[in-house]
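Each remark here refers to the structure printed beneath this line.
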Amino acid sequence: MLNPIDAETVVRDGGAHGRFPGQIHAGVAWWMAACFVVTARACRLVVAHDGKPSSSEFFDRLCQGAVNAQHYACQVLNRGQADEVALLAAMRQAGDAPGILVTTKETGGDTVQVTITLYGRDGKPLDETDGLAAIRRMIAEDRVPIPVNEASKGRVQPFTAAAGEGKSK
């Protein structure tokens, strides 16, 4: 695994949390999204970020991880800048799709605290029993899913254009 992390420290409390640089890097966002799509068996996922420049790279990598998760061809609905309330509303509008929110907080100097929160279809952050432990294990064991072929890749599209298309989960 390139750029390994301490999965026990980083993957906890509903998602991934860590200091950048140091504990976490943008690749972790890819890993979290790909593993979440597979463990949730999601063909649709709503994603959002807090709009801060420091969140941008993590958000972009997260979207790429979600569309590259095995054979799921996940439709990633980009909600763009949103807080938790707006993300949860978008998830409901998208047919109770799972969701991910990327937030960052400047901690001084060149250091940022990154949080990648994973939300189940019920709108609650994942806990140990509904997927978080499995995701941590996949990352720790370097079993992050990759697409099985080009046709299996998903796509990212704006939430507004896609939210009204069916209610598939």
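Sequential numbering from 419 applies to the sequence shown in my numbering.
Just so you know, even glycine gets a beta-carbon here, dropped at the ideal spot from N, CA and C.
I think residue i touches residue j, with their Cβ atoms under 8 Å apart; what is that distance to the nearest whole Å?
i, j, result
"Val446", "Met509", "With 8 Å as the limit, Val446 and Met509 do not qualify as a contact, their Cβ atoms being about 22 Å apart."
"Leu480", "Ile534", "7 Å"
"Ala460", "Cys492", "6 Å"
"Val456", "Pro576", "Val456 to Pro576, Cβ: 24 Å. No contact."
"Leu536", "Phe454", "5 Å"
Would residue i be called buried (16 or more neighbouring beta carbons within 10 Å of its own) or exposed?
i, result
"Gly440", "exposed"
"Ala569", "exposed"
"Arg573", "exposed"
"Asn421", "exposed"
"Val503", "exposed"
Give every residue of the same chain whose Cβ lies closer than 6 Å to the Cβ of residue i, excluding the five residues on either side of it in the sequence, and list them in chain order.
i, result
"Gly483", "Trp448, Ala451 and Ala452"
"His489", "Val566 and Ser570"
"His435", "Thr533"
"Ala466", "Arg497, Ala500, Leu505 and Leu519"
"Gly469", "Gln499"
"Ala487", "Ala452, Val455, Val456 and Pro563"
"Ala507", "none"
Sorted by chain position, which residues of the same chain lie with C-beta nearer than 8 Å to residue i's C-beta, five sequence neighbours on each side aside?
i, result
"Val530", "Arg437, Phe438, Ser472, Thr522, Lys523 and Glu524"
"Gly538", "Ala458, Pro516, Leu544, Asp548 and Gly549"
"Asp424", "Gln441"
"Asp427", "Note that residue 427 is Thr in the sequence shown, not Asp. Excluding sequence neighbours, Thr427 sits near Gly436 and Gln441."
"Asp528", "Pro439"
"Ser474", "His467"
Considering only residues of the same chain and omitting the five flanking positions on each side of residue i, which have a CB-CB separation below 7 Å?
i, result
"Ser586", "In this predicted model, Ser586 has a pLDDT of only 46, less than 50, meaning its place in the structure is not dependable; the value taken from the coordinates is given anyway. So the list reads Cys461, Arg462 and Gly513, once near-sequence residues are dropped."
"Ala558", "Ala425"
"Val485", "Cys492, Val494, Lys571, Gly572, Arg573 and Val574"
Taking the runs of the alpha helix (DSSP H) that are 4 residues or longer, which of them lie wholly in the stretch 439-480?
As far as the stretch 439-480 is concerned, its whole alpha helix (DSSP H) runs of at least 4 residues are 444-458.
Between the stretch 489-504 and the stretch 544-556, are three or more C-beta pairs nearer than 8 Å?
Verdict: no, contact absent.
Inspect the CB distances between the stretch 420-433 and the stretch 540-551 and report whether three or more fall short of 8 Å.
By the Cβ rule, the stretch 420-433 counts as touching the stretch 540-551, because three or more pairs are nearer than 8 Å.
Length at least 4, wholly inside the stretch 480-511: the alpha helix (DSSP H) runs in chain order:
If one requires a minimum length of 4 residues, the alpha helix (DSSP H) runs lying completely within the stretch 480-511 are 502-511, in chain order.
Any alpha helix (DSSP H) of 4 or more consecutive residues that is wholly inside the stretch 543-575:
For the stretch 543-575, the continuous alpha helix (DSSP H) assignments of 4+ residues that do not extend past its boundaries occur at 550-558, in sequence order.
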